[in-house]
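Everything in the sequence shown is counted per the working numbering, starting at 3 for the first residue and increasing by one. Heads up: the structure comes next, in structure tokens.
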Amino acid sequence: MSFYAAVRTALTTQDGPALGTLFNPRSPTHAQSFAYSSNHAAILSTVRSELLPARSASGLPSKAMDTLIDAVAALWEVVYELERGALEPAPGYWARAYRQQRELMALVVRGFGSAGWPCWCLPVLYEGCRALTELAVAADAEEAEGRAKEAGRALGRQKAEKAENLEEAARQLNRAFTLCLSDRAPLEESRKWGTYYIVNLLFKTYFKLNAITLSKNVLRALKAVSTDMPALSLFPKSHIVTFKYYVGVISFLDEDYVAAEESLTTALRLSPRASPNQELILTYLIPAHLMTTHQLPSQSTFAAHPRLAPLFAPIAAAIRAGNLLAFERALAAHEDTFVRRRIYLTLERARDICLRNLFRRVFVLGGRKTRISVEEFRRAMGFSLAGKEGGTRKEVEPEEVECLLAGMVYKGLMKGYISREKGMVVLSGSNAFPGTGL
Numbered sequence: 003m004s005f006y007a008a009v010r011t012a013l014t015t016q017d018g019p020a021l022g023t024l025f026n027p028r029s030p031t032h033a034q035s036f037a038y039s040s041n042h043a044a045i046l047s048t049v050r051s052e053l054l055p056a057r058s059a060s061g062l063p064s065k066a067m068d069t070l071i072d073a074v075a076a077l078w079e080v081v082y083e084l085e086r087g088a089l090e091p092a093p094g095y096w097a098r099a100y101r102q103q104r105e106l107m108a109l110v111v112r113g114f115g116s117a118g119w120p121c122w123c124l125p126v127l128y129e130g131c132r133a134l135t136e137l138a139v140a141a142d143a144e145e146a147e148g149r150a151k152e153a154g155r156a157l158g159r160q161k162a163e164k165a166e167n168l169e170e171a172a173r174q175l176n177r178a179f180t181l182c183l184s185d186r187a188p189l190e191e192s193r194k195w196g197t198y199y200i201v202n203l204l205f206k207t208y209f210k211l212n213a214i215t216l217s218k219n220v221l222r223a224l225k226a227v228s229t230d231m232p233a234l235s236l237f238p239k240s241h242i243v244t245f246k247y248y249v250g251v252i253s254f255l256d257e258d259y260v261a262a263e264e265s266l267t268t269a270l271r272l273s274p275r276a277s278p279n280q281e282l283i284l285t286y287l288i289p290a291h292l293m294t295t296h297q298l299p300s301q302s303t304f305a306a307h308p309r310l311a312p313l314f315a316p317i318a319a320a321i322r323a324g325n326l327l328a329f330e331r332a333l334a335a336h337e338d339t340f341v342r343r344r345i346y347l348t349l350e351r352a353r354d355i356c357l358r359n360l361f362r363r364v365f366v367l368g369g370r371k372t373r374i375s376v377e378e379f380r381r382a383m384g385f386s387l388a389g390k391e392g393g394t395r396k397e398v399e400p401e402e403v404e405c406l407l408a409g410m411v412y413k414g415l416m417k418g419y420i421s422r423e424k425g426m427v428v429l430s431g432s433n434a435f436p437g438t439g440l
């Protein structure tokens, strides 16, 4: 089936997903034949002659159909740039394709705004926004590479460059978000059903731009109209999972680990088992759960998601054993990955739990006496920091140990007090180490 025949079929059957797929400028199924179906001078008349026969069957008003024809002609410009760039690569072709996609998006927004496109056409908006961000990223990378070559700099410094195209794309996405959110049509005909798809694209874009604080503006806008929105549970599951994931990560970065765990747990429950999405969710859920409950991930979690094991299993083993040296080595081994995923500082805080477990071992090995000298804790820390390979324990200042012990008590990881005059730690007779059964 030719591209135009597929568009006509989608229009006459009001098949929104099929129509949206056809608006993917990088689709291998139709892009090449579509790209060579006309030329710059004749494309508008070609599209008009091909699609006008479907006007009456589609049920689209005249103005809506005219805008759709303009949009398909604009799509041809994008596809043509991509096809020509693939055959004869030339500097700037990603940027040219992005600019054409930007023009297409303006027509799509107009189609849903003043031209009256029905809500079953929402997949066209989805595809237009998704393609816009992808082409913006490619254009930014292309321009950064060009600047690096001109200045004689290493390509490794490209990340320092501003992503101007992606920033502009984010503004376009914001317009699409407003278009969906502000629709006053009855819910069964409303553009509000596209809200969370656009919101998720906005979140993804803001995270790429390292402008995560802007995501909070989106959440505030959603909260302001929450009474007018359909319940989140009524949206497609894929929209819910992605939304809950990003809300959970935003809460995680705000150090609201309780809210983060709640959102991420919902995302994990709704996502397909053993999928890459689950691994991504668990990357943040494991540290959040560790902060809220001090519980370590189980071996069954690592068995179900083996790619997470190299990251978290050594940390979990070190915490479980109270081995400070092993904990620091496990954290350092994947420091770049933890920093890139923005979980390093949270995992570093788990050192308190590792230290708690070390002090708990001192308590158990000492016969569970409620009075333990600070010196015993100091020696245990020295050996733990030296590790099995070191042979010689490292000296830790008594004042530092007292400070750490006081911190354990303050944070609720240990129940008791320090008697500085006698150099003793007096532990509670019951539940001295809350959450551990001791």
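Where is the CB? At the ideal position from N, CA and C, for every residue including glycine. Just so it is clear, the structure is predicted and the values come from calculations on it, not from any experiment.
Quiz item: What are the partner residues of residue 421, as DSSP defines its beta bridges?
Solution: 426
Self-check item: Cα-Cα separation, residue 419 to residue 178
Solution: 58 Å
Quiz item: Just the Cα atoms here: how many angstroms apart are residue 192 and residue 167?
Solution: So the two alpha carbons sit approximately 30 Å from each other.
Practice problem: Give the DSSP-derived three-state secondary structure of residue 375 in the structure shown. | Solution: strand
Practice problem: Closer than 7 Å by C-beta to residue 283: which residues in its own chain qualify, once you throw out the five before and the five after it? Chain order, please. | Solution: 247, 266, 269, 270, 273
Exercise. Report the residue from 42, 228, 96 whose alpha carbon sits nearest the alpha carbon of residue 138.
Key: 96
Quiz item: Within 10 angstroms of its Cβ, does residue 447 collect 16 or more other Cβ (buried), or is it exposed?
Solution: This structure gives no information on residue 447, because the portion of the chain shown stretches from 3 to 440.
Quiz item: Shorter than 7 Å from the beta carbon of residue 257 to some beta carbon of chain B?
Solution: Absent from the structure is chain B; it holds one protein chain and no more.
Quiz item: From which residue to which residue does the alpha helix (DSSP H) around residue 105 run?
Solution: 95-115
Quiz item: Can you name, in chain order, every residue of its own chain whose Cβ lies under 8 Å from the Cβ of residue 337, other than the five neighbours on each side?
Solution: 346
Quiz item: Does the beta-carbon distance from residue 415 to residue 351 come in below 7 Å?
Solution: no
Exercise. Please say whether residue 306 and residue 316 have beta carbons closer to each other than 7 Å?
Key: no
Quiz item: Between the beta-carbon of residue 310 and the beta-carbon of residue 281, is there less than 7 Å?
Solution: yes
Quiz item: Short check: CB of residue 198 to CB of residue 254, under 7 Å?
Solution: no
Practice problem: Report buried or exposed for residue 287, applying the criterion of at least 16 other Cβ atoms within 10 angstroms of its Cβ. | Solution: buried
Practice problem: Could you check which residue in 94, 59, 113, 60 has the C-alpha nearest to that of residue 76? | Solution: 113
Quiz prompt | Backbone CA spacing between residue 376 and residue 319 [nearest angstrom] | solution = Here the alpha carbons of residue 319 and residue 376 stand approximately 26 Å from one another.
Practice problem: Have a look at residue 189 and residue 18 and give me their C-alpha separation to the nearest angstrom. | Solution: 17 Å
Practice problem: In the DSSP assignment, find the unbroken alpha helix (DSSP H) run with residue 68 in it and report its ends. | Solution: First-last of the alpha helix (DSSP H) with residue 68: 64-89.
Quiz item: Taking the alpha carbon of residue 129 as the point to measure from, which residue in 29, 313, 94 has its own alpha carbon closest?
Solution: 29
Quiz item: In whole angstroms, what separates the C-alpha of residue 39 from that of residue 92?
Solution: 22 Å
Quiz item: Can you tell me where the alpha helix (DSSP H) with residue 263 in it begins and where it stops?
Solution: 259-272
Quiz prompt | Own chain partners of residue 127 with C-beta closer than 7 Å, once the 5 adjacent residues on each side are dropped | solution = 110, 114, 178, 196
Self-check item: N- and C-terminal bounds of the alpha helix (DSSP H) containing residue 364
Solution: Element bounds for residue 364: 353-367.
Quiz prompt | N-terminal and C-terminal residue of the alpha helix (DSSP H) that residue 219 is part of | solution = 215-226
Practice problem: Less than 8 Å between the CB atoms is what I'm expecting for residue 23 and residue 59, so what's the real figure, rounded? | Solution: At roughly 20 Å, the Cβ-Cβ gap does not stay under 8 Å, so residue 23 and residue 59 are not in contact.
Exercise. Count the other C-beta atoms from every protein chain shown that fall within 10 angstroms of the C-beta of residue 312, then say buried if there are 16 or more, exposed otherwise.
Key: exposed
Practice problem: Going by CA-CA distance only, name the one from 206, 322, 290 that's closest to residue 301. | Solution: 322
Exercise. Give a yes or no on whether the C-beta atoms belonging to residue 6 and residue 79 are separated by under 7 Å.
Key: With contacts defined as CB atoms closer than 7 Å, residue 6 and residue 79 fail to qualify as a contacting pair.
Quiz item: Short check: CB of residue 83 to CB of residue 99, under 7 Å?
Solution: yes
Self-check item: 8 Å Cβ shell around residue 294 - same chain, five flanking residues per side excluded
Solution: Excluding positions up to five away in sequence, the list reads 259, 260, 263.
Exercise. Can you give me the Cβ contacts of residue 344 inside the same chain, cut-off strictly under 7 Å, excluding the 5 residues immediately before and after it?
Key: 255
Quiz item: Alpha carbon to alpha carbon, how far is residue 421 from residue 252?
Solution: 42 Å
Exercise. Would you kindly check if the distance between the Cβ of residue 364 and the Cβ of residue 382 is under 7 Å?
Key: yes
Quiz item: Can you give, in chain order, each stretch of the alpha helix (DSSP H) that sits fully within the stretch 151-213 and has at least 4 residues?
Solution: 166-183, 197-210
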